[in-house]
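Asks: Here it is, the structure, as structure tokens.
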Amino acid sequence: MRVKELHPLCCISLETPAAGDHSPELQRSYSAAAEVRLKLTRSDVNAGGMTSSESCSGSRSFAGVLYKWTNYGKGWRSRWIVLRNGVLTYSKVVQPEMMAGDDVRFIGDMDRCGSSRRCNNNNNKGYKSTVGGVHLKVSSFRESISDDKRFYIFTATKTLHLRTSSKKERVAWIEALASTKNLFTLRQLNDKPSVVVPTDISLSTERLKKRLLEEGINEVLVKDCEQIMLLEFSVIQEQIKLLCEERSSLLDKLRQLEAANIEGEQEEFSDLRGAKYSEWSTTESSDDIEKQELEDCSEDEDTYFYDTHDCFPELNIQPDQMAECELLRRKKLPDPAEKEKGVSLWSLIKDNVGKDLTRVCLPVYFNEPISSLQKCFEDLEYSYLLDRAYHHGKQGNSLQRMLNVAAFAVSGYASSEGRHCKPFNPLLGETYEADYPERGVRFFSEKVSHHPTLIACHSEGKGWKFWGDSNIRTKFWGRSIQLDPLGVLTLEFDDGEVFQWSKVTTSIYNLILGKVYCDHHGTMHIRGNREYSCKLKFKEQSILERNPRQVHGFVEDVSGKKHSTLFGKWDDSMYYINGVKQKDASDAKLLWQRTMTPVNLTRYNLTSFAITLNELTPGLKEKLPPTDSRLRPDQRHLENGEYDMANAEKLRLETRQRMSRKLQENGWKARWFEKDGESGTYRYVGGYWEKREASNWDGCLDIFGEFSEQMNDSSSR
Numbered sequence: 104m105r106v107k108e109l110h111p112l113c114c115i116s117l118e119t120p121a122a123g124d125h126s127p128e129l130q131r132s133y134s135a136a137a138e139v140r141l142k143l144t145r146s147d148v149n150a151g152g153m154t155s156s157e158s159c160s161g162s163r164s165f166a167g168v169l170y171k172w173t174n175y176g177k178g179w180r181s182r183w184i185v186l187r188n189g190v191l192t193y194s195k196v197v198q199p200e201m202m203a204g205d206d207v208r209f210i211g212d213m214d215r216c217g218s219s220r221r222c223n224n225n226n227n228k229g230y231k232s233t234v235g236g237v238h239l240k241v242s243s244f245r246e247s248i249s250d251d252k253r254f255y256i257f258t259a260t261k262t263l264h265l266r267t268s269s270k271k272e273r274v275a276w277i278e279a280l281a282s283t284k285n286l287f288t289l290r291q292l293n294d295k296p297s298v299v300v301p302t303d304i305s306l307s308t309e310r311l312k313k314r315l316l317e318e319g320i321n322e323v324l325v326k327d328c329e330q331i332m333l334l335e336f337s338v339i340q341e342q343i344k345l346l347c348e349e350r351s352s353l354l355d356k357l358r359q360l361e362a363a364n365i366e367g368e369q370e371e372f373s374d375l376r377g378a379k380y381s382e383w384s385t386t387e388s389s390d391d392i393e394k395q396e397l398e399d400c401s402e403d404e405d406t407y408f409y410d411t412h413d414c415f416p417e418l419n420i421q422p423d424q425m426a427e428c429e430l431l432r433r434k435k436l437p438d439p440a441e442k443e444k445g446v447s448l449w450s451l452i453k454d455n456v457g458k459d460l461t462r463v464c465l466p467v468y469f470n471e472p473i474s475s476l477q478k479c480f481e482d483l484e485y486s487y488l489l490d491r492a493y494h495h496g497k498q499g500n501s502l503q504r505m506l507n508v509a510a511f512a513v514s515g516y517a518s519s520e521g522r523h524c525k526p527f528n529p530l531l532g533e534t535y536e537a538d539y540p541e542r543g544v545r546f547f548s549e550k551v552s553h554h555p556t557l558i559a560c561h562s563e564g565k566g567w568k569f570w571g572d573s574n575i576r577t578k579f580w581g582r583s584i585q586l587d588p589l590g591v592l593t594l595e596f597d598d599g600e601v602f603q604w605s606k607v608t609t610s611i612y613n614l615i616l617g618k619v620y621c622d623h624h625g626t627m628h629i630r631g632n633r634e635y636s637c638k639l640k641f642k643e644q645s646i647l648e649r650n651p652r653q654v655h656g657f658v659e660d661v662s663g664k665k666h667s668t669l670f671g672k673w674d675d676s677m678y679y680i681n682g683v684k685q686k687d688a689s690d691a692k693l694l695w696q697r698t699m700t701p702v703n704l705t706r707y708n709l710t711s712f713a714i715t716l717n718e719l720t721p722g723l724k725e726k727l728p729p730t731d732s733r734l735r736p737d738q739r740h741l742e743n744g745e746y747d748m749a750n751a752e753k754l755r756l757e758t759r760q761r762m763s764r765k766l767q768e769n770g771w772k773a774r775w776f777e778k779d780g781e782s783g784t785y786r787y788v789g790g791y792w793e794k795r796e797a798s799n800w801d802g803c804l805d806i807f808g809e810f811s812e813q814m815n816d817s818s819s820r
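Listed below in structure tokens is the structure:
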């Protein structure tokens, strides 16, 4: 049975000579095995791979030059790589300790290795290296299926993206990795450790007795002292014996646990990686995560990592615990029932340039299976930030409250990354409810106006309320779409502190040629009614931008004095430092970090949170009003992959939607919201959750059914 070399949650090998017994017999067995391996691996390893004897036994050390992915700014950079006993070391220059030993075997062109070594030599004129080697314990590795020169090495802390100069060279490195995995099988799991119990240790008292007698001490007294010392020594000897026996027992139990759970731990390690790869796989799904992993690889940049506990030691809010409470919610969309058909973009573009996109009838293929009402709730995915803000303010820390509110305002944009499909435009009177008790959040939204299109929402959390209405003015420019949000979002805490802000502009580019991407740009001003406010600048992405999606801002008081600096990316994380200087980023503290992408990706690129929004669980349908978005037929058909039925239903509902202006002119009024003055925002009037509790939906129209005169007559109230 193969020995498990690395526990998934640490970088310490459990089965190595250092962790095992150091008896002479065992050391001699390792030395003999090392001599055998050394004899079998005397020939150099070249680009053509290793000999059969080498691939079976494995050389202790392999070295060569590989290209390592650093970041999008620097790309692939050459690095010296040394693989020794399952530990990989990489460096920009050759370190003396990397080449120590006579059993180092080079992989690749020797001339290239030598040239690279001379170029990176520390003795070169005008060059002094201050960069040391990085040592990593290899956990697993994987070949790329899209590029026959690339492979990946996974460790407990990071993933290395490596590229060779030839396909044969990659084969040699893979064989080297596979052979080093076998170095730890010399000692079997069922081998008993030969622990030497020190039972034969003796103690001589002759010198002590002689010295005491020379001082004239009575011989009887000397013998009493000798007996006392021997008695104390026997107690210590028994303790040493007991400790050795306990050590032996623990090692036996460890081996039994490893033997019983080796497969389970391998599966656990795969789960910890998000089920992205196996120990050595080249499956079709193995490159699906390649883009995300490349974006995460920036080891050569000045990258800093922070613990949320360090930023909020006084709070006991654990966002990761939410996942444990959400196990009953679904993790993926239903499998498509039909194969998706292609769409002619040019036929849509030529007739709609410059028009308002909300008035353009697009096929269902351009939609994602959620409505704009549900998408409003996505802004509350990281509602724990508001919980923190509430606790900070309750403890008198108004600055921390402002920082968490700012992080919450930015976090709402994280879900838009990779989302190129538009949500469904709700029908007039359409509603959506979301009750997430594990998050302590309850949300409700309604489409309150058709022209102009207005969506109102209201949410309640732990010590706070969040509401607003939103309207999006869209322009379709052929190659891009510009979305200008209108409306004000309001956050009110139970202690009376209020914050208000508006969203920034969103643009979607490369609709015809190139890779489609979205960008958010503009200035967001979060105004508070007390001491602090915040200004955030979403930097617009340019063609030559190396570090896109940047957000930078300040927290200032009523006098304009700046107290904190915020910076980060709207699709990744936000940090802050006290004051306005940003020279020493090591002082920065983490405010918010985006959650991991779901394992079951779809073409819609929905987040794990968004996948749960349109779920219709058993028993829920009977509790919902007939206006809820989950009951919308075209949206449900699209989610199920029934594209023909979805298109037919979408056409029917949009034909009915054209009557909404007439309904509005006849006196249509929102059922659950009302406008706060002529120019104010829509506010929730209450009553929805009470009606839901009583299952009384009298007066709620069946807006997804067939249009009737009764609906026209009932619309005026």
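Everything in the sequence shown is counted per my numbering, starting at 104 for the first residue and increasing by one.
Every residue, glycine too, gets a C-beta built ideally from N, C-alpha and C.
Computed from a predicted model, the values in this text were never measured in an experiment.
To the nearest angstrom, how far is the alpha carbon of F254 from that of T267?
Replies: About 8 Å.
Asks: The alpha helix (DSSP H) that contains G822, what's its start and end?
Replies: Shown here, the chain extends from 104 to 820; a query on residue 822 therefore has no answer.
Asks: Cα separation between S232 and K240?
Replies: In this prediction, S232 scores a pLDDT of 40, lower than 50, which makes its location untrustworthy; the coordinate-derived value is nonetheless stated afterwards. Their backbone Cα atoms lie some 24 Å apart in a straight line.
Asks: Pairs of beta-carbons, one from the region 478-498 and one from the region 576-588, closer than 8 Å: are there three or more?
Replies: No: the two stretches stay apart, fewer than three of their Cβ pairs being nearer than 8 Å.
Asks: What's the gap between the Cα of T710 and the Cα of R432?
Replies: Each residue's Cα considered, the two are about 13 Å apart.
Asks: Where does G496 land, buried or exposed, given buried means 16+ other C-beta within 10 angstroms?
Replies: Burial call: buried.
Asks: Do you know whose CA, among L502, D482, P437, lies nearest R491's CA?
Replies: Nearest C-alpha to R491: L502.
Asks: Determine the closest residue to N799 out of E329, M748, S514, P729, with distance taken between C-alpha atoms.
Replies: It is P729 whose Cα lies nearest to the Cα of N799.
Asks: Comparing the C-beta of N708 with each C-beta of chain B, is any distance below 8 Å?
Replies: Judged by its chain identifiers, the structure shown contains no chain B, having just a single protein chain.
Asks: Starting from T758, trace the alpha helix (DSSP H) both ways and give me its first and last residue.
Replies: Here the alpha helix (DSSP H) through T758 covers 746-760.
Asks: Please name the residue or residues paired with R542 in a DSSP beta bridge.
Replies: According to DSSP, which records beta bridges pairwise, R542 is partnered with nothing at all.
Asks: In the DSSP output, which residue or residues are listed as bridge partners for C621?
Replies: Answer is I611, bridged to C621.
Asks: When you compare only the Cα positions, how much space is there between Y516 and W775?
Replies: Taking the straight line from one Cα to the other gives about 27 Å.
Asks: From which residue to which residue does the beta strand (DSSP E) around P472 run?
Replies: Its beta strand (DSSP E) spans residues 470-474.
Asks: Roughly how many whole angstroms lie between the Cα atoms of V338 and S194?
Replies: The alpha-carbon atoms of V338 and S194 are separated by roughly 52 Å.
Asks: From which residue to which residue does the alpha helix (DSSP H) around W792 run?
Replies: Element bounds for W792: 791-797.
Asks: For W567, does the count of other Cβ atoms within 10 angstroms reach 16, so buried, or fall short, so exposed?
Replies: Its Cβ being crowded by 16 or more others within 10 Å, W567 is buried.
Asks: How would you label S782, buried or exposed, when you count the other beta carbons within 10 angstroms and need 16 or more for buried?
Replies: So S782 counts as exposed.
Asks: CA-CA distance, E745 and A440?
Replies: Their backbone Cα atoms lie some 6 Å apart in a straight line.
Asks: Measuring only the C-alpha atoms, how far is S352 from Q696?
Replies: So the two alpha carbons sit approximately 43 Å from each other.
Asks: Anyone know if the C-beta pair for F807 and R761 falls short of 8 Å?
Replies: In this structure, R761 does not lie closer than 8 Å to F807 by Cβ.
Asks: Taking only runs of the alpha helix (DSSP H) that begin and end inside the region 704-740, which ones reach a length of at least 4 residues, in chain order?
Replies: Complete alpha helix (DSSP H) runs here, min 4: 711-714.
Asks: Going by alpha carbons, who is nearest to L465 out of D622, R755, N174?
Replies: Of the listed residues, the one whose Cα sits closest to L465 is R755.
Asks: First and last residue of the alpha helix (DSSP H) that includes K313?
Replies: Run containing K313: 309-317, per the alpha helix (DSSP H) assignment.
Asks: Buried or exposed: G571, going by 16 or more other Cβ atoms within 10 Å of its Cβ?
Replies: Per the 10 Å Cβ criterion, buried.
Asks: Below 8 Å on the Cβ atoms is my guess for P526 versus I473; work out the distance and round it to an integer in Å.
Replies: At roughly 5 Å, the Cβ-Cβ gap stays under 8 Å, so P526 and I473 are in contact.
Asks: Between the Cα of N68 and those of V513, E549, A512, spot the shortest distance and give me the residue it belongs to.
Replies: Residue 68 falls outside the range modelled here, since the chain spans only 104 to 820, and no answer is possible.
Asks: Would the beta-carbon of L169 fall within 8 Å of that of R187?
Replies: Cβ atoms of L169 and R187: not closer than 8 Å.
Asks: Looking at the strands, I want to know which residues DSSP matches up with T784.
Replies: None, per the DSSP bridge assignment.
Asks: Which residues mark the beginning and the end of the beta strand (DSSP E) in which V241 is found?
Replies: Where V241 is concerned, the enclosing beta strand (DSSP E) stretches over 237-246.
Asks: Here's a check: name, in chain order, each residue in its chain whose Cβ is nearer than 6 Å to the Cβ of L306, leaving out the five neighbours to either side.
Replies: Cβ neighbours of L306 beyond the five flanking positions: F336.
Asks: Could you pull the start and end residues of the alpha helix (DSSP H) that N507 belongs to?
Replies: Run containing N507: 501-514, per the alpha helix (DSSP H) assignment.
Asks: Tell me whether Q477 sits in a helix, a strand or coil according to DSSP, three-state version.
Replies: Q477 falls in the helix class under three-state DSSP.
Asks: Does the beta-carbon of V505 have 16 or more other beta-carbons within 10 angstroms, so that it is buried, or is it exposed?
Replies: Reading the sequence as shown, one finds Met at residue 505 and not Val. It counts as buried.
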